[in-house]
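So the sequence lines, in the order shown, correspond to chains A and B. All the letters of the first sequence, read from the start, carry residue numbers 1 to 435 under our numbering. All the letters of the second sequence, read from the start, carry residue numbers 1001 to 1425 under our numbering. The beta-carbon is built from N, C-alpha and C at its ideal position, and this holds for glycine as well. Below is one structure; the comments refer to it alone.
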Amino acid sequence: MEITRTEIMPGVWLSHLRTDKFKSACLSLNLLSQLSRETASMNALIPFVLRRGATGYEDMEKISARLDELYGTAIEPVVRRIGEIQCVGFFASIPEGDFLPGKENVLRPACDLLGRLLLAPATRGGLLLPQYVDSEKEKLLDIIRSRINDKRSYSVTRCIEEMCCYEDFAVGRFGSETEAENINYKKLTRQYRSLLQSSPIEIFYCGRSSKKELVSCLRDVLSTLPRGEIDYDIGTDVRMNALEEKPRTVTEELDVTQGKLVIGYRLGECMEEAEPAPIFVFNCVFGGGTTSKLFMNVRERLQLCYYASSMVSLQKGLLLVASGIEFDKFEVARDEIFRQLDAIKQGDISDEELNSAKSCVASDLRAYMDSQGELEGFYLTRALEGLEYGPMELAELVEDVTKEDVMRIANSLACDMIYFLKGNGQTEEDEDAAE
Amino acid sequence: MQLNKYDDIGESMYSATLQNGLRLRVIPKPGFSTAYAVFATNYGGAHRRFTVDGQTLDTPAGVAHFLEHKMFDLPDGENALNILSANGADPNAFTSSGVTCYYFECTEGFEENLRMLLHFVSTPYFTADTVQKEQGIIAQEIRMGEDDPNVSIYYDLLTMLYDHHPIRDRVAGTVESIAEITDKTLYDCHRVFYAPSNMVLCVEGDIDPERVLAIAEEELPKTLSPVPRADFGPEEGLLPVDSFRSREMAVSAPQFLIGAKFRPSEEGQALLRQRLVSQLALRMLVGSSSPFYARLYSQGLISHDFDYEADFTAGTATVIIGGESREPEKVLDELKAEAARVSEKGFDPELFRRSKRASLGARLRGLEDFESVCVSTVTGLFSGYCAFDAISLLGQVTKAECEQFVRETLSNERLAISIITPKRT
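So, in structure tokens, the structure goes:
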């Protein structure tokens, strides 16, 4: 597998990864912009509205019929937040001709449809259709409101919101309910045009077609892309320290039977020269998997929780510990999580813990090579960071991480937010417990 | 080992049956660094009453899932999950109503990991103490399920559709039922259901199949044990017990599941064909390129999360259609009308042609995922067919079969709806 990244049109970059490993090719197209409260919901809405209708395929039924005809090619809207960069666009999965009757190659017609969805939306008087905008807006609002359904991810999101309340990172990838409610078809059309003109575009392809074929396809279908001055001035602001001297604590009550404790940290000064390998290994030792300190101690040994794990945002320089606990275990679980971090700071890391974390992180990275979805995410992130390594090179760096590296990361951490979601005493279980 | 080639999909499969009755499958994947192995038993939450050696036993709800939690404990005090993780593998397990699967994925040390997988799954070790400790952990898991609207709505539907079949009960059991489990229950069920004759080992990756065979022969017991027979009770009728249920939970918008049960075909090729027919029929009836989907989506009645499946497990077959909607009952009315229309007028021939193409592409895409390939190979074997035959068999499915499925399964009186509405504060 060889990866190349080329500017195929002004501000349009293609990362091309040729491989025979898969039975479908993957192609993603991402418009990049600075994440902000004012535009996040609008940007997120755009691919969903575009997916409703285009010239020649005026409604979803016609688009779906076309996709079925192309052997179930999938073209789906995709909205991501990588650090404080919002990426919106489409993710396509296109069956390879080698496995289709008559070896029919559907890459070109699939790209053609993708190009039309992006550049030739169904419009009236040059404006996006109000019925499509309103209908997708309602669905976007449903998505934003539905975040409360899954308490595990809801509690993590809430912790980030509170912790980064003065930063763009607090804005979710779909933006906020208030901003989404204010969208109308005229505003959205303006935003759509400005995004097409000014966004850097990252395209990722992984499959059997040559770069030459891809470039030719993409230049054809993107020939009408209206480009203006491209906004390269986008990036993520990394805050090194906690906001206040002592970690802030926020408690929220909802009708739940299990509490959620989430602790937010800044990765701190180790972000000055972000070193992904030691940060990933540290995270794995602390709370990354079933051999981590949090899992082995907080969950298994002390049984303080049903789950306890940590995750990092390398772009933003954050680490979050998430756990599910009984309401009355708040203090003891919190203190135990702190104690486990202190242990790492002081070098209480066995060879077994370190080696198992290293092999776990390295193994995950090597496995990326077998998954188009992971490769796409990895190389998109890499393109945003301007970093030079692939998953295999990073896996090698991981093998060189030492105990001192892990201690250094642990000592660099600053706890910034303790978020606790607890019950409001309305459920039957709680009444039972109170009896 | 026997090699079968499936040239149309660019796959092949080695197979063997060991002396102890274990069925083994190896799917070679040259050029991949990831390898995946699943060791599965034909034993799930629904296998509560069973006969072995002429003796019939009844067990509390939740034993299969409880066993899955406890199997990772080794007699020397070690934990297999930790050993595998420490060795760079990504191990896990799940229990459904029909099967229990233990699996790992790794990029290095495959043989060592495979030995550990076979070793820990075939080495029962339980004490009164560890069982008691686990009762606390699983009780937490059960409580977490109580907060989960997806779990509640699903079991609401199953208990409306099924009168007595044990898939009505939660796979994890209840806090009360798991309190009845002792170390003896676990040993008994392990002996019966974890006999190699009741299990399948399936491996996918750039792996030498003969090595897999040799390791399985070395690590597993040699004796051939009898295969247990589960008793799911008398055959269910075709009508739901109850057709409407609604409850309030902390959700943002109403969620719904519409379901219908139907009789699964005899095990083997007929069952695989029935799976393909039901899946294709549902795709045409309510899938994203169906007239139904387009109409309801543009009316705002359904959303991106709208989905459907025909689920086959533990001798049951169930259609499940659901998602989020402001007016779930209106979706049900529309579905009834659409099913009636298709029953009378049939599917559009063009829609049928396109849907078959789409289904082929979707199945090709499914082949990229080792876990889904291996797990469907396992469930296929437990149901008497080879999952890799699906794509060639799909070509033979007729429009009339799909129409007949809709006519027979989705008539008005067969449907039930389970709804969760946002809690009023």
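Paired residues, beta bridge with residue i - DSSP
{"i": "A/Pro77", "result": "A/Phe90"}
{"i": "A/Pro95", "result": "A/Ser24"}
{"i": "A/Pro121", "result": "A/Ala54"}
{"i": "B/Asp1090", "result": "B/Glu1105"}
{"i": "B/Ile1258", "result": "B/Ile1321 and B/Ile1417"}
Residue i: contacting residues in chain B (beta-carbon distance under 7 angstroms)
{"i": "A/Cys360", "result": "Ser1085 and Gly1088"}
{"i": "A/Asp370", "result": "Phe1032, Ser1033 and Thr1034"}
Of the residues the options, the one placed nearest residue i, counting alpha carbons only
{"i": "A/Glu336", "options": "A/Asp59, A/Ser309 and A/Ser135", "result": "A/Ser309"}
{"i": "B/Pro1221", "options": "B/Asp1156, B/Thr1123 and B/Phe1370", "result": "B/Thr1123"}
{"i": "B/Ser1325", "options": "B/Gly1054, B/Ile1258, B/Ala1195 and B/Thr1223", "result": "B/Ile1258"}
{"i": "A/Ile46", "options": "A/Val256, A/Leu119 and A/Gly125", "result": "A/Leu119"}
{"i": "B/Arg1365", "options": "B/Ala1230, B/Val1099, B/Ile1009 and B/Leu1114", "result": "B/Ile1009"}
{"i": "B/Thr1223", "options": "B/Gly1021, B/Asp1307 and B/Glu1403", "result": "B/Gly1021"}
{"i": "A/Asp168", "options": "A/Glu136, A/Gly228 and A/Asp237", "result": "A/Asp237"}
{"i": "A/Leu397", "options": "A/Lys62, A/Ala362, A/Val156 and A/Phe330", "result": "A/Ala362"}
{"i": "A/Arg299", "options": "B/Lys1133, B/Asp1007 and B/Gly1088", "result": "B/Lys1133"}
{"i": "A/Phe91", "options": "A/Met407, A/Asp405, A/Pro391 and A/Gln372", "result": "A/Gln372"}
{"i": "A/Arg382", "options": "A/Arg145, A/Cys26, A/Ser176 and A/Phe204", "result": "A/Phe204"}
CB contact below 8 angstroms: residue i versus chain B
{"i": "A/Glu61", "result": "yes"}
{"i": "A/Pro247", "result": "no"}
{"i": "A/Thr257", "result": "yes"}
{"i": "A/Asp432", "result": "Caution is warranted here: a pLDDT of 37 is assigned to A/Asp432, below 50, making its placement in the model unreliable, and the coordinate value is therefore given only provisionally. Answer no: the Cβ-Cβ gap between A/Asp432 and chain B never drops below 8 angstroms."}
{"i": "A/Met311", "result": "no"}
{"i": "A/Pro109", "result": "no"}
{"i": "A/Phe420", "result": "no"}
{"i": "A/Leu17", "result": "no"}
{"i": "A/Arg366", "result": "yes"}
{"i": "A/Gly425", "result": "no"}
{"i": "A/Phe338", "result": "no"}
{"i": "A/Tyr71", "result": "yes"}
{"i": "A/Glu352", "result": "yes"}
{"i": "A/Val156", "result": "no"}
{"i": "A/Glu435", "result": "Below a pLDDT of 50, predicted positions are generally treated as unreliable, and A/Glu435, at 31, falls in that range; the measurement from the model is reported next regardless. No, because no Cβ of chain B sits closer than 8 angstroms to the Cβ of A/Glu435."}
{"i": "A/Asp68", "result": "yes"}
{"i": "A/Glu429", "result": "Bear in mind that a pLDDT of 42 at A/Glu429, under 50, signals an unreliable position, so the number given afterwards is only what the model happens to contain. By this cut-off, A/Glu429 is an interface position."}
{"i": "A/Leu50", "result": "no"}
Interface residues of chain B facing residue i [CB-CB closer than 9 angstroms]
{"i": "A/Ile148", "result": "Ala1250, Val1251 and Ser1252"}
{"i": "A/Thr6", "result": "The premise fails here: A/Thr6 is roughly 25 angstroms from chain B at the closest Cβ pair, so nothing lies under 9 angstroms."}
{"i": "A/Gln303", "result": "Lys1133, Gly1136, Ile1137 and Gln1140"}
CB contact check: residue i to chain A, cutoff 8 angstroms
{"i": "B/Ser1376", "result": "no"}
{"i": "B/Asn1004", "result": "no"}
{"i": "B/Phe1110", "result": "no"}
{"i": "B/Asn1082", "result": "yes"}
{"i": "B/Glu1141", "result": "yes"}
{"i": "B/Ala1337", "result": "no"}
{"i": "B/Ala1358", "result": "yes"}
{"i": "B/Pro1149", "result": "yes"}
{"i": "B/Glu1146", "result": "yes"}
{"i": "B/Arg1025", "result": "no"}
{"i": "B/Ser1177", "result": "no"}
{"i": "B/Glu1371", "result": "no"}
Closer than 8 angstroms to chain D by CB, residue i
{"i": "A/Lys103", "result": "Of the protein chains in this structure, namely A and B, none is chain D."}
Neighbouring residues, chain A, relative to residue i (Cβ below 7 angstroms)
{"i": "B/Ser1288", "result": "Ser64"}
{"i": "B/Gly1361", "result": "Tyr71, Gly72, Thr73 and Pro95"}
{"i": "B/Cys1106", "result": "Ser363"}
{"i": "B/His1304", "result": "Lys139"}
Chain-ordered neighbours of residue i on chain A, where CB pairs are closer than 8 angstroms
{"i": "B/Glu1324", "result": "Asp142 and Ser146"}
{"i": "B/Ala1294", "result": "Asp59, Met60, Glu61 and Ser64"}
field: the segment 1174-1183 of chain B contacting the segment 1356-1376 of chain B, beta-carbon criterion three pairs below 8 angstroms
entry: no
- request: Spell out a yes or no on whether the segment 1404-1422 of chain B and the segment 1338-1351 of chain B are touching, meaning 3 or more CB-CB pairs, one atom from each, closer than 8 angstroms.
  value: yes
message: Under 8 angstroms, with one C-beta from each stretch per pair, do the segment 1051-1058 of chain B and the segment 1112-1132 of chain B reach the 3-pair mark?
response: no
- request: Count the CB pairs spanning the segment 15-29 of chain A and the segment 206-217 of chain A that are closer than 8 angstroms, and state whether there are at least three.
  value: yes
message: Would you call the segment 239-259 of chain A in contact with the segment 415-424 of chain A, where contact means no fewer than 3 C-beta pairs closer than 8 angstroms?
response: yes
- prompt: Do the segment 126-137 of chain A and the segment 237-249 of chain A meet, that is, are 3 or more Cβ pairs less than 8 angstroms apart?
  reply: no
message: Count Cβ pairs between the segment 1081-1089 of chain B and the segment 1297-1312 of chain B that sit closer than 8 angstroms; are there 3 or more?
response: no
message: Does the contact criterion of 3 or more C-beta pairs under 8 angstroms hold for the segment 1105-1115 of chain B versus the segment 1024-1037 of chain B?
response: yes
- prompt: Counting Cβ pairs closer than 8 angstroms, one from the segment 386-404 of chain A and one from the segment 292-303 of chain A, do we hit at least three?
  reply: no
- request: Determine contact between the segment 1387-1398 of chain B and the segment 1413-1420 of chain B, defined as no fewer than three beta-carbon pairs at a distance below 8 angstroms.
  value: no
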